[in-house]
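A.B. asks:
Number of protein chains: 10
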Amino acid sequence: MKDTYEVPSMMTKEDVTMMILSAKKQAGLTWEGIAASIGMSPVFTHSAAMGMNAFPMDKAEALVTALGLPQEAASVLNEPPTKVWEQAVPTDPCIYRFYEIVGVYGPTLKALIEEKFGTGIMSAIDFDMSVTRVEHPKGDRVKLEMSGKFLGYNSW
Amino acid sequence: MKDTYEVPSMMTKEDVTMMILSAKKQAGLTWEGIAASIGMSPVFTHSAAMGMNAFPMDKAEALVTALGLPQEAASVLNEPPTKVWEQAVPTDPCIYRFYEIVGVYGPTLKALIEEKFGTGIMSAIDFDMSVTRVEHPKGDRVKLEMSGKFLGYNSW
Amino acid sequence: MKDTYEVPSMMTKEDVTMMILSAKKQAGLTWEGIAASIGMSPVFTHSAAMGMNAFPMDKAEALVTALGLPQEAASVLNEPPTKVWEQAVPTDPCIYRFYEIVGVYGPTLKALIEEKFGTGIMSAIDFDMSVTRVEHPKGDRVKLEMSGKFLGYNSW
Amino acid sequence: MKDTYEVPSMMTKEDVTMMILSAKKQAGLTWEGIAASIGMSPVFTHSAAMGMNAFPMDKAEALVTALGLPQEAASVLNEPPTKVWEQAVPTDPCIYRFYEIVGVYGPTLKALIEEKFGTGIMSAIDFDMSVTRVEHPKGDRVKLEMSGKFLGYNSW
Amino acid sequence: MKDTYEVPSMMTKEDVTMMILSAKKQAGLTWEGIAASIGMSPVFTHSAAMGMNAFPMDKAEALVTALGLPQEAASVLNEPPTKVWEQAVPTDPCIYRFYEIVGVYGPTLKALIEEKFGTGIMSAIDFDMSVTRVEHPKGDRVKLEMSGKFLGYNSW
Amino acid sequence: MKDTYEVPSMMTKEDVTMMILSAKKQAGLTWEGIAASIGMSPVFTHSAAMGMNAFPMDKAEALVTALGLPQEAASVLNEPPTKVWEQAVPTDPCIYRFYEIVGVYGPTLKALIEEKFGTGIMSAIDFDMSVTRVEHPKGDRVKLEMSGKFLGYNSW
Amino acid sequence: MKDTYEVPSMMTKEDVTMMILSAKKQAGLTWEGIAASIGMSPVFTHSAAMGMNAFPMDKAEALVTALGLPQEAASVLNEPPTKVWEQAVPTDPCIYRFYEIVGVYGPTLKALIEEKFGTGIMSAIDFDMSVTRVEHPKGDRVKLEMSGKFLGYNSW
Amino acid sequence: MKDTYEVPSMMTKEDVTMMILSAKKQAGLTWEGIAASIGMSPVFTHSAAMGMNAFPMDKAEALVTALGLPQEAASVLNEPPTKVWEQAVPTDPCIYRFYEIVGVYGPTLKALIEEKFGTGIMSAIDFDMSVTRVEHPKGDRVKLEMSGKFLGYNSW
Amino acid sequence: MKDTYEVPSMMTKEDVTMMILSAKKQAGLTWEGIAASIGMSPVFTHSAAMGMNAFPMDKAEALVTALGLPQEAASVLNEPPTKVWEQAVPTDPCIYRFYEIVGVYGPTLKALIEEKFGTGIMSAIDFDMSVTRVEHPKGDRVKLEMSGKFLGYNSW
Amino acid sequence: MKDTYEVPSMMTKEDVTMMILSAKKQAGLTWEGIAASIGMSPVFTHSAAMGMNAFPMDKAEALVTALGLPQEAASVLNEPPTKVWEQAVPTDPCIYRFYEIVGVYGPTLKALIEEKFGTGIMSAIDFDMSVTRVEHPKGDRVKLEMSGKFLGYNSW
């Protein structure tokens, strides 16, 4: 019966991610380079290219132009993403270490934020982050900086 | 039968945490202040006071003196901790937001660390962290800085 | 050995919750009544009395006076809480139905918020809620109203 | 052997959801607009279009006409859905915040419903909901209103 | 410090359950007999005695009189319960078999209810149940009868 | 390499379920009607058509004739099924309510079965069930009746 | 307030298990020996002594006499147990190996039972089991024998 | 790009399982019969045919000959399997009952093995098992016999 | 009622672990030192002292003498342990790294064992292990050596 | 619509793993042999061939040459892998035994590492491992040797 109707398919964020990865590999680009070419940070650029964030429309168009993607990809990159991760406890060691830091230092972060600001949280929405390589005689270090707006609990 | 032998009890890290919290409350101290008085960072001081890290012996003794704890507490604060967290997905909103950041940005952190350093991870052991309050006209912000040694995968 | 030192105990939020529940029962009060007497909403009052929110200091003192609690309870009611729930999927039918609503309508809420505001979320921190009984000929209805600040995702 | 028989395929709710999303994108419609055109609320319209609710037959036909879907889609939209969500704890931040509200305020909702109505629950079946944007000088707010019939526990 | 205040304790549903079980054992009663003496069904009587339902006030008082419990127990039996079960998949074979029936026949119950009533559910709130022993030449049988109000999904 | 051999495919219970659903839809049948035409109960008929039970061979053949299925389908319908359900806690509200009933009343069913029969269980294998619509002035009710053989625990 | 009423405590199966273990150790008995002295199998005797099965009343009394337990223990040993195990996947290696056998050979047991008997199961209720040591030149072996009544699925 | 290289496919254990099931059905064989024809037990034969064990090479070749499978299948049947089961708690009733037996009697098996052999386990590797039908006037019984080498814990 | 009988308490492995830890701390011993004094390896000694293994009787007595424990402790140290770990995924970083190694290299260990020995496993029962510190110019290394008997799968 | 654009596909680590396995089978090679031919250890070679590690570029090229893989495979083998394992508790017996060793001996490894090195961990990144067959009169043994750099916790 299926031939009496047709289920349309739509370009998805997964499709566009594949296009970006393929164009990046063929052109020998880096995330730093791609981010610089559209005037955004590498963290946000990678995250939105992977489909975990939405590019502002002008940045989406800049990326489409820079990488030679089909025009329709720009609107897809601008769509709100559904953020899904399937491993409640991540297994990849590079990601697990950050999970471990949250497990070990989570109560400390909470206590110090409360001491400095009062009862509330650091926003993960009004938020930015960067990763830097810092030279060090005993071995270079990864520097990670996050900044999020403090949100105080309402009482009513 | 239990009366024919006696099960000894030993001062635990939980006991010392209670002593610290009680002394802190009675003296009206802050974690910043306690940390400054022993010459350590607030993050490490809180974390070790909660039993998630071990104080170096001289710092443990300084803390015992500063807060008027029993002498035995210093060696307990210096013991290696067993780091346990019971909620694979934390429920407290202030801690959950950090878990969410790892879920959303974990693959991004991995990609950028690999781009800058090669295949490997940021150490969560040779590691330090700070929390700062940054004034901002649209609402003050929490600034979180981490630094960990890059560890490249061995091949053999 | 335990006798050579003493582990201090501190008044906890659980202790104060028991004091409130006992005073409420003996005085035959309602949550509506308690909330009105301190000038707060019933939702926030119950939640903070259960230890899931922190009363502002003046409200904490008003509650302590209203219910005849020990003075120390006010500062405990003002402390930042650690919000823990142990059942990822709640079993009590009255709470489960709200979980079910999030399961069934979660993607709908997301789509409509994004349609009206752009990519972002409703804050669960800068947030308030009320519960009302609405008369209805086919059976009275529970009316639940929530309001949370819209937080748009940052891009950087 | 498979060629000696044929497994029929039937139009599914997933198929119709894809048709709706495609038609909506091509025509540049909104959920508000689609809902208005068939005289239903945006919440119910989106939810049933996603396959989590069943449209009444006349509304299903109105939607099929409005979007130019194949006629068979109307009966599919009218079929009872099987409501499945795969993440017991949702990861998308916009949905998680509602899960968090149920975790934090669930016992409060239960206590206040019981205080106002007696032992029972708010129905998630005889239920409706709306989402509104409310302007606010400190940032616009999401207003969420739910109404469900109170159901008192039977005793027998 | 704990001696400067006292945490009150209140009679709980668990306390009353223990009182009922002890009185039942000493008097050699059955659940059938207890239920008959207060004019309720055995299912509801056992369930409320275990703290999973609330007795109407007159039935609570009748039970307190019948079993010689302290007067305060009546109001405790009348309080709304929090229904908690800790094993998502029950292990006791007698209970597991009912879980298995839901797993095997759940989709069938859904299909037949929808065929007979339209889209909706059987209420587990406006609900009653009985258990009977039915003699049978090949081995007596357990007969379980449930009745719940049909609730049709709202559309709006 | 795959072309040097061929992996045979066999008609599966899923295939036959699709054939039944398609034939049922095209002929406008109900489960009641199908069940009546082969002289079985609607509960068992639906369950076996979904692949959760095995039809006796004569009933399988009657069904194949009634719905015009390929002859091979009869032996497939007669094969022992592997009963799998993937959601330990079902999400569909119509099925969840039965799960909830097992959670709330499981210990009660156990206690009453033991009181009436001694230590043992109700069989979920030597078992039958029916669903009926019962008219009621305050809203029609779903009546569910199960009967299972009592199995007493062996002691040896 | 607690002093105005008293919560009775009742002898539990856990209490009796402790009494049995203590008496067994003091008298230097084995499970084989205890089982022989009351005319039951070691498997059932140990299982019921651990509170996972109920002794027939005469056997319970024989055990109480044999081990010099208080008279009340006999009726406790005769009560229906609630069978609970807390580790869905057991960790102890001796028990895990049996879990592994069910994982590896479960589908095989199902296929062979169905081949020999038709669609159905082996009862775990009308069931017995024994453990024997079998001498073997390459190392003695554990022989485990189970026998359970075949239960064929009903169709109706 | 995929056309510039080709990903080879290899005959898998799943492929061979399908070949065996298809040949068995077409020839109207039983597992008993197949096992007898290659001189192995039905339990091992079924298990290895399902891909949960490896046939010795001569038996693999005998099976290939007996069922007319392609020659390459013999080496696949001889490869070490990866034993995976996806349901930590099996749902099929016939398999669940064995899981239940491990849950209920696991500690008993452990205690009796330790009593007869000392501290150690029954091997699940140096292991065999059989299933027999035993006639019984009250209903035939499934007899399950397992034998595994006792392995005593090393101390060093 | 509880006063009419007494529940005996027995010295447990947990009790003896506390005695050992207390004696070790007071005497300033190391695990290496304790192990040497009884002629066993540090790995086995620590593991059995923690209650995860059973000391041979002569070693148990030697330990009791060496540390001045009550005589009854020797038989407790000799009892078969029940090996329980509560975190399926360990959180302590020192233990998690070993879990990670099993996750990453598990399939490799399996492949190489099978290549060298045929289908089978390394025993975790007939097994020993040691930990050594190895000096290294770029930082000392932990050397871990395990040896377990190869167990080939039976076929029958 | 999909025909207006094309989603590129890229050679994946899974593709290359299939190429390696196929070439290995056709050439009748062993992991030992492949590893020797490129001058790496069998553990690392297998692990990287399975996609759980990255080959250094020269080794990747050597492997491509040795096995006759397409040139593009070398760069794929050199890409950083994402290490994922799906079973938190592995089911294959050969892998489970290592999981069991971590469960039983994890706290022992932690205690001995801390005794020898101070508070810290063994790195799973700066790490190597080997597997050897050791002849033994009572049955050959698997010898597993791991070495990882000790990493001491920072304090700051």
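Chains as they are written, first to last, in our numbering: chain A, 5 to 160; chain B, 5 to 160; chain C, 5 to 160; chain D, 5 to 160; chain E, 5 to 160; chain F, 5 to 160; chain G, 5 to 160; chain H, 5 to 160; chain I, 5 to 160; chain J, 5 to 160.
Note that beta-carbon positions come from the ideal geometry of N, C-alpha and C, so glycine has one too.
If you're wondering where the values come from, they're calculated on a predicted model, not measured in any experiment.
#1: When we look at the beta-carbon of C:G72 and count the other beta-carbons within 10 Å, is it buried (16 or more) or exposed?
#2: Consider the Cβ of I:W89: report whether some Cβ of chain G lies at a distance smaller than 9 angstroms.
#3: Could you work out which residues of chain C lie near B:L25, taking near to mean beta carbons separated by less than 9 angstroms?
#4: For the beta strand (DSSP E) containing D:M54, name the first residue and the last one.
#5: Within this structure, are the beta carbons of J:V93 and J:Y103 separated by less than 9 angstroms?
#6: My assumption, with CB atoms under 8 angstroms, is that H:V47 sits in contact with G:V106. Please give the rounded CB distance.
#7: Short of 7 angstroms Cβ to Cβ, which residues in the region 107 to 127 of chain B face chain K?
#8: Out of H:T86, H:A39 and H:S151, which one is the CA nearest neighbour of H:K63?
#9: What did DSSP end up calling C:G32 once you bin it into helix, strand or coil?
#10: Counting only Cβ pairs nearer than 8 angstroms, list the residues of chain C close to B:T95.
#11: Just the C-alpha distance for A:K120 and B:R137, rounded to the nearest angstrom, thanks.
#12: Is it the case that the region 111 to 127 of chain E contacts the region 122 to 132 of chain H, given that we only count it when at least three CB pairs across the two stretches are under 8 angstroms?
#13: Who are the near neighbours of D:N158 in its chain, counting only those whose CB is closer than 7 angstroms to its CB and skipping five residues on each side?
#14: When you check each C-beta in the region 47 to 62 of chain A against every C-beta of chain B, which residues fall closer than 7 angstroms?
#15: Sorted by chain position, which residues of the same chain lie with C-beta nearer than 8 angstroms to G:T16's C-beta, five sequence neighbours on each side aside?
#16: Counting only Cβ pairs nearer than 9 angstroms, list the residues of chain D close to E:Y157.
#17: With G:A128 as the anchor, note down where its beta strand (DSSP E) starts and where it stops.
#18: Under 9 angstroms Cβ-Cβ, which residues of chain C neighbour D:W35?
#19: Run through chain G and tell me which residues come within less than 9 angstroms of E:K29, C-beta to C-beta.
#20: So which residues on chain H does G:G143 lean against when the C-beta distance must stay under 7 angstroms?
#21: Name the DSSP bridge partner or partners of F:L71?
#22: Taking only three categories from DSSP, how would you classify A:E90?
#23: Would you give the residue range spanned by the alpha helix (DSSP H) that C:E119 belongs to?
#24: Please state the DSSP three-state secondary structure of F:V146.
#25: So B:D130 and B:K153 are supposed to be a Cβ contact under 8 angstroms. How far apart are they, rounded?
#26: Note down, in chain order, every chain I residue with its Cβ under 9 angstroms from the Cβ of H:M150.
#27: Looking at C-beta atoms only, is the number of pairs between the region 136 to 151 of chain C and the region 12 to 29 of chain D that lie closer than 8 angstroms three or more?
#28: Output, in chain order, the set of chain I residues within a Cβ distance shorter than 8 angstroms of J:K147.
#29: State the start and end residues of the unbroken alpha helix (DSSP H) segment that holds D:V11.
#30: Check the Cβ-Cβ distances between G:Y103 and every residue of chain E, and say whether any is below 9 angstroms.
#31: Compare the beta carbon distance of G:L33 and H:S151 with 9 angstroms and say whether it is the shorter of the two.
#32: Would you kindly work out how many angstroms separate the C-alpha atoms of F:E18 and F:G55, rounded to a whole number?
#33: Note down, in chain order, every chain C residue with its Cβ under 7 angstroms from the Cβ of E:Y9.
#34: Mind checking which residues open and close the alpha helix (DSSP H) that includes J:E83?
#35: Of all Cβ atoms in chain I, is any one closer than 9 angstroms to the Cβ of H:S45?
C.D. replies: If we stick to the structure as given:
#1: exposed
#2: With 9 angstroms as the cut-off, I:W89 counts as an interface residue toward chain G.
#3: P12 and M14
#4: No beta strand (DSSP E) holds D:M54; DSSP gives it neither H nor E.
#5: yes
#6: Between G:V106 and H:V47 the Cβ distance is about 13 angstroms, and since that is not below 8 angstroms, they are no contact.
#7: Absent from the structure is chain K; the protein chains it does hold are A, B, C, D, E, F, G, H, I and J.
#8: H:A39
#9: Three-state result, C:G32: coil.
#10: K87, V88 and W89
#11: 7 angstroms
#12: Taking one beta carbon from each stretch, the region 122 to 132 of chain H and the region 111 to 127 of chain E have fewer than 3 pairs nearer than 8 angstroms; the two do not touch.
#13: In its chain, beyond the 5 residues on either side, no residue has a beta carbon closer than 7 angstroms to the beta carbon of D:N158.
#14: V47, H50, S51, M54 and M56
#15: So the qualifying residues of the chain are V80.
#16: N57, A58, P84, I129, D130 and F131
#17: G124 to V138
#18: T112, A115, L116 and E119
#19: M14 and S79
#20: K153 and F154
#21: In DSSP, F:L71 forms no bridge with anything.
#22: coil
#23: P97 to F121
#24: strand
#25: Confirmed, about 4 angstroms.
#26: By Cβ distance, chain I contributes nothing, its closest Cβ being about 11 angstroms from H:M150, past 9 angstroms.
#27: no
#28: E149, M150 and S151
#29: Counting along the chain, D:V11 falls outside any alpha helix (DSSP H), and DSSP gives it neither H nor E.
#30: no
#31: no
#32: 7 angstroms
#33: M15, P74 and E76
#34: Counting along the chain, J:E83 falls outside any alpha helix (DSSP H), and DSSP gives it neither H nor E.
#35: yes
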